[in-house]
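Under the numbering used here, the residues of the sequence shown are numbered 629 to 1169, in order. Idealized CB from N, CA, C, for every residue including glycine. Reviewing the structure listed below.
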Amino acid sequence: MAARKSNILLIVVIVVLLNLAWPYLEMAYYHLFPGGSELKRNLAKYEEVVHYIDNFYVDSVAYDKLTRESIKGALRTLDPHSVYITPEEAKANEEQFNGRYQGIGIQYDVIDGYITVISVIPGSPSEKAGLQAGDRILKIEGKSAYKISMDEVPRKLKGPKNTKVNVTISRAGIPEPFEVTLIRDEIPIYTIHTYFMVDDTTGYIWLNRFAHTTSGELEHALIKLEQQGMKQLLLDLRDNGGGLLQQAVEVAGKFISGHKLIVYTKGRLSRFDNEYYSDDFGISIDRNYPLIVLINQNSASASEIVAGAIQDYDRGLIVGETSFGKGLVQNEFILNDGSRLRMTVSKYYTPSGRLIQRPYKDISKEEYYHEVEEPDSLRDRLAADSAATRPVYYTAGGRKVYGGGGITPDTVVAYRLSAKSPDLSRTFNQDRVFFEAATRLAQKNPGWKDDFEYFFRHVKPNRLWLNVLRQTAKDRGIGFNEKDFRKDSVFLKNRLKAEVARILWGTGKFYQILLMQDNQFKTAVRLFPKVPLLLQNSADK
């Protein structure tokens, strides 16, 4: 019996010693036999480094941070779009892609230390409780919210559906603060900025990203505009950084009927090779009216899939500036702590065979993104100059298009700032002078809220509006150059009117009024006579 116990003890000791010695034995193996697996050799080296840190580093080590930064560093060597996502970031991303969150339903900013309501989402708990743009939240659950940080606000106001949150509100014109109990609910996050009829026949839709709700939102907007007599559509994909590939296919399929290839992907592993057709995710509808798609340097990924397919089939005219040039497809892998690895697994190609990904190898991430920040006219001139070195492809109608550097518009229109004094408008926006002045105007004219169309077409900002803006800036202690103020009066009036519209009717109407001074928007509308010829040439081919 004693001998048996001794043998068991010996085995335990040997196992423990082997376990302790194993890292050193593995390191020695890969040093002595360098012909082994490259991956295993480098993993052993990393383990060796961590072992030395663990045993000999002078201070205590935050291993969560060490691991996180190691992963980020590894991904930086791959491509600019392979990234590590923390559990908190993953949750926020899910809300954006799912198209809803649970909370009280306001757009807000922290102004002068107070949570200030910028607009109230229709149908939300805040609207039902009577909150208004301009309201200040002084307390949350009886505790002061003064000087709260922007990051803290969601943690205080968001929460599970049907739970309550008590807030204390300060409102202009009411001498004493008052309390409101809000019952949280699901709040939709819309992917369409705005849609409206530009004139009797022209519809406009501004799509800001591709989430799970995008196809349904777009179908709703299209039906509404078609019921209002739309005969041609301007689809705005500017500043749309992309999103879900399936949604891009569904959006393109609303304008490219039948069974036509929209995009295909190719990866190192064949399981990531896929083809996506216009009718893959629903019955294709024959919408054959003239179409113009607006893009700019911030239109990327899913936006470029849509624009590329529209261009390759000569289905519509692409207008604006050369797009970002992101032709890489990422998959998300969930790690053991809820964090995510968003990693490039394939590249996508337009129907004509174009890979529109910009070069990214052997340049830093900063350089990769800096190119997009070049002045618009310079970027498009560089794109045109480099066309000779880029691979050539052909649309269904036989027109030349190019790969390797984003989607180049059929008609290049550089964006021109409508503000003559950008610094003045930027200051007024950052310090919420526009918002405060618009709030004063809306409170003095309650009848405006009854009819947006009347407000849009007949209420003209005048000198009195500018006086309110000027006085608001002075009241807030914001210095400005009077000459710049007078020089920019046209822009200031339009921006002030847009801010009033946001307060009274929401963000969609704000954008509708802003677009009235958008040179790319106005040029695109004038180009519709060119589209029927494009469609006819494609049909003839």
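query	result
Three-way DSSP call (helix, strand, coil) for Q1145 in this model	helix
Extent of the continuous beta strand (DSSP E) to which H821 belongs	820–825
Backbone CA spacing between F661 and L694 [nearest angstrom]	With a pLDDT of 48 at F661, under the threshold of 50, the predicted position of this residue should be treated as unreliable, and no value is reported.
I923 to R1060 span [Cα, whole Å]	29 Å
Backbone CA spacing between A1126 and L1097 [nearest angstrom]	13 Å
Selection from I699, L865, L1163 that minimises the alpha carbon distance to Y832	L865
contact_flag[the segment 776–790, the segment 722–740] where n(CB pairs < 8 Å) is 3 or more	yes
7 Å CB neighbourhood of I811 in its chain, flanking five on each side removed	P753, N790, K792
DSSP state of K882 mapped onto helix, strand, coil	coil
Among N1095, K1088, E1081, nearest to A1065 - alpha-carbon criterion	N1095
Buried or exposed by the 16-neighbour rule on C-beta atoms within 10 Å, applied to F1149	buried
8 Å Cβ cutoff met for A1024 and D940	yes
N-terminal and C-terminal residue of the alpha helix (DSSP H) that I938 is part of	930–940
Presumed contact (8 Å Cβ cut-off) between L873 and V957, rounded CB distance	7 Å
Anticipated Cβ contact below 8 Å, S951 with I1035, distance rounded	4 Å
Which listed residue (D867, E845, G895, Q855) has its alpha carbon closest to that of E878	E845
Every unbroken beta strand (DSSP E) inside the segment 688–769 [3 residues or more]	711–713, 728–731, 734–739, 742–748, 764–768
Residue closest to K881, alpha-carbon to alpha-carbon, out of S843, G870, A849	Note on identity: in this sequence residue 881 is Gly, with Lys being the wrong assignment. Checking every option, the nearest Cα to that of G881 belongs to S843.
Endpoints, the alpha helix (DSSP H) within which L1120 is located	1117–1133
Range of the contiguous beta strand (DSSP E) that encloses D907	From DSSP, D907 is part of no beta strand (DSSP E); its letter is neither H nor E.
Candidates W1076, Y892, L969, of which the one nearest R696 by Cα	L969
Proximity below 8 Å, CB of I1131 to CB of T1055	no
Between the CA atoms of T830 and N1109 - distance to the nearest angstrom	40 Å
Chain-order list of residues whose beta-carbon lies under 7 Å from that of T580 (same chain, five-residue window excluded)	As displayed, the chain neither begins before 629 nor continues past 1169, which places residue 580 out of reach and without an answer.
Simplified DSSP state of T972, which is helix, strand or coil	strand
CA-to-CA distance, S698 to K1072, given in whole angstroms	58 Å
Proximity of Q1171 and K786 at Cβ, strictly below 8 Å	The first residue shown for the chain is 629 and the last is 1169, placing residue 1171 beyond what the model contains.
Whole-angstrom C-beta distance between R982 and Y1021, which should lie under 8 Å	5 Å
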